[in-house]
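The structure appears right after this line, and notes come after that.
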Amino acid sequence: MRSGFCLLEVALLCAFGTAPVAAQEKAEQPTKGFTFYPPSVYMRPFLACVSDAPCAQTDKFHLDQVPTGCCVLIVTNGDGQGKDEVRSYEVFLNGNRVVAAEHSRSAQAAVKLRPTNTLKVVLSGPPDSKVFVLLAYDPRRSK
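All residue numbers in the sequence shown are consecutive under the numbering used here, ending with 1059.
Encoded structure:
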């Protein structure tokens, strides 16, 4: 009698346990449309150096096509929520300082890109700290 009851429990779990999963799968499918994030042109994390002293890191990148009115440079210090932050950072694009030395959680600046660009980030902080640099298309500037 007990084994029959266990089989009934398993059958009920199978019957009713899968219905919520199927409903969740349908609810979690992404919808197409506006994502609130501008299209990115470039993105990269820059890690602090092994020593605690300030250091510079440079990255050259090429764009096959530069969008009209491009772009906005966005810097996020650490994880954006107060962890892994550098003490200070400074950002240069093509030899021009676009973000002065600061310690805020984020900074942004309107920038003009070329087909070939050089990004230089000067940062200081503990070895686990980092900044994340994003260059994104700003549709408001394309007019």
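Ideal Cβ placement from N, Cα and C applies to all residues, glycine included.
Collapsing the DSSP output to three states places D1054 in coil. Taking a cut-off of 8 Å on C-beta distances, the region 963-970 does not touch the region 1018-1033, as fewer than three cross pairs fall below it. Around the beta carbon of D1000, 16 or more other beta carbons lie within 10 angstroms, which makes this residue buried. For the options L979, N993, G996, the alpha carbon positioned closest to that of V957 is the one of L979. Assignment of beta-bridge partners to E1006 by DSSP yields V1038.
The bridge partners DSSP lists for P961 are F1048.
Across the structure, L1029 and R1003 are spaced so that their CA atoms are roughly 28 Å apart.
A straight line joining the alpha-carbon of P1031 with that of Q973 spans about 20 Å. The beta-carbon separation of A1026 and V982, rounded to 14 Å, does not stay under the 8 Å limit for a contact. By DSSP's assignment, H1019 forms no beta bridge with any residue. Within the same chain, Cβ atoms closer than 8 Å to the Cβ of G994 are found at D1000, E1001, V1002, R1021, S1045, K1046, V1047, the five residues on either side in sequence being excluded. Note: D975 is bridge-paired with L1035 in the DSSP secondary-structure output. Collapsing the DSSP output to three states places L989 in a strand. The DSSP-derived three-state label of S956 is strand.
Residue pairing from DSSP places Q1024 in a beta bridge opposite I990.
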